[in-house]
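S.K.:
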Amino acid sequence: GQSLEQPSEVTAVEGAIVQINCTYQTSGFYGLSWYQQHDGGAPTFLSYNALDGLEETGRFSSFLSRSDSYGYLLLQELQMKDSASYFCAVVYNQGGKLIFGQGTELSVKP
Amino acid sequence: GAVVSQHPSWVICKSGTSVKIECRSLDFQATTMFWYRQFPKQSLMLMATSNEGSKATYEQGVEKDKFLINHASLTLSTLTVTSAHPEDSSFYICSARMTGALANTGELFFGEGSRLTVL
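Residue numbers (my numbering), protein chains in the order written: chain W, 1 to 110; chain A, 1001 to 1119.
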C-alpha cells in the first residue's frame, strides 16, 4: 500500500520559521513534491526533490531523505498570505502520477 | 507559466443527469492529464490518469463507467460524471504535466477546479 503522513495543522506568527514534515511509505517512489492551496483555489507547485538534500526557492526550502522516507517543507519569514494548506505528494515512477498527503493547514497570526 | 483551464467552474445538476467537465492546457501540450477529486478540508484524491489517444487508467475504487474520461487531443481531456447523485457532489480538479526538456517531473499545473453540486 501507500501512505503519506503530515501534521493536520500548524500555527505560527508572522516573521517566524515553520517546518512541515512528511513521511511516506510506498513502492515506486520517484520524488517528493510540495504544493500550496488556498481555500477554494487550485494547488500551486512549490518545490520538488528527487535526490537527497535541500532545495531552496526563495523563502521556501524542501528537504528529502530517501533512506528515511522523510521530507519537509521549510517556510521562512512567514507572511499572513502564507496561511493556506500545504500538501506533500509522492511522484511515482510509472506514469509519473502524484499521490497527495492529507495536507497541513498553516495559520499565520500577526 | 503554463496555464490549465477548466470549465465549468460551477455546475448544479439534478440527480440522474450527466455532467461534462473540460480541462485544457492552453500553452503547452499535455500527453498526460490527471483528474483529482477533493472534499472540503480533505486531500486531493487521484481518480484517474488520462492519456492522449488511449484509455484512462483509473485508481482503485473509482468506477470507470461512472466517471468517463476522454483525452482526444494533446490539449483537452474531459471528465463526464454519469447519472450523478448527491454523493458525487465535490470539487473536481484536473492537472497536467509539461513534457520535454524543460519539464519538471514533480510539477503539475492545475486547473481552477469545478465545483459540482448534485441536487
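The beta-carbon is built from N, C-alpha and C at its ideal position, and this holds for glycine as well. Just so it is clear, the structure is predicted and the values come from calculations on it, not from any experiment.
If you reduce the DSSP assignment to three classes, tell me which class W:K109 lands in.
M.R.: Strand at W:K109.
S.K.: Check each candidate in W:L106, W:L78, W:D68, W:A42 and name the one with the smallest Cα separation from W:G58.
M.R.: Closest by alpha carbon: W:L78.
S.K.: Chain C partners of W:V91, CB-CB under 8 Å?
M.R.: Absence of chain C from the displayed structure is noted, the protein chains being W and A.
S.K.: For a contact defined as C-beta to C-beta under 8 Å, what are the partners of W:A84 on chain A?
M.R.: Within 8 Å Cβ-Cβ: nothing; W:A84 doesn't reach chain A, min ~13 Å.
S.K.: Alpha carbons only, please: which of A:W1010, A:K1041, A:W1035, A:K1020 is nearest the one belonging to W:E9?
M.R.: Considering only alpha carbons, the answer is A:K1041.
S.K.: Tell me, please, whether the CB atom of W:I20 is closer than 9 Å to any CB atom in chain A?
M.R.: Chain A, which has no Cβ nearer than 9 Å to the Cβ of W:I20, makes this no.
S.K.: For A:E1115, collect the residues of the same chain with a Cβ closer than 6 Å to its Cβ; drop the 5 residues on either side in sequence, then sort them by chain order.
M.R.: According to the sequence as given, residue 1115 of chain A is Arg; it is not Glu. Closer than 6 Å at the Cβ level, and outside the excluded window around A:R1115, lie W1010, F1091.
S.K.: Between the segment 30 to 56 of chain W and chain A, which residues of the former have CB atoms less than 9 Å from a CB of the latter, in chain order?
M.R.: If the cut-off is 9 Å between Cβ atoms, the segment 30 to 56 of chain W has Y30, G31, L32, S33, W34, Y35, Q37, G40, G41, A42, P43, T44, F45, S47, Y48, N49, A50 near chain A.
S.K.: If you drop the 5 nearest sequence neighbours on each side, which residues of the same chain put their C-beta closer than 6 Å to that of A:T1078?
M.R.: Only K1020, E1022, N1070 meet the Cβ criterion.
S.K.: Roughly how many whole angstroms lie between the Cα atoms of W:N21 and A:G1016?
M.R.: When rounded, the distance between both Cα atoms is 43 Å.
S.K.: Tell me, please, whether the CB atom of A:E1087 is closer than 9 Å to any CB atom in chain W?
M.R.: Not an interface residue.
S.K.: According to DSSP, W:T104 sits in a beta bridge with which residue or residues?
M.R.: W:T104 pairs with W:Y86.
S.K.: How far does the beta strand (DSSP E) with W:G31 in it extend, from its first residue to its last?
M.R.: Segment 29 to 37, the beta strand (DSSP E) holding W:G31.
S.K.: May I ask you to report which of helix, strand or coil DSSP gives A:M1098?
M.R.: Here A:M1098 sits in coil by DSSP.
S.K.: For the beta strand (DSSP E) containing W:G120, name the first residue and the last one.
M.R.: Chain W is shown from 1 up to 110; residue 120 of chain W falls before or after that span and cannot be answered.
S.K.: From the DSSP output, which residues share a beta bridge with W:S61?
M.R.: Its beta-bridge partners are W:E56, W:L74.
S.K.: Does DSSP classify A:A1020 as helix, strand or coil?
M.R.: The displayed chain sequence assigns Lys, not Ala, to residue 1020 of chain A. Strand.
S.K.: In terms of residues, what are the limits of the beta strand (DSSP E) holding A:T1082?
M.R.: A:T1082 -> no beta strand (DSSP E), and no H or E assigned at all.
S.K.: Would you identify the three-state DSSP class for W:E14, choosing helix, strand or coil?
M.R.: The answer is coil: DSSP assigns W:E14 none of H, G, I, E or B.
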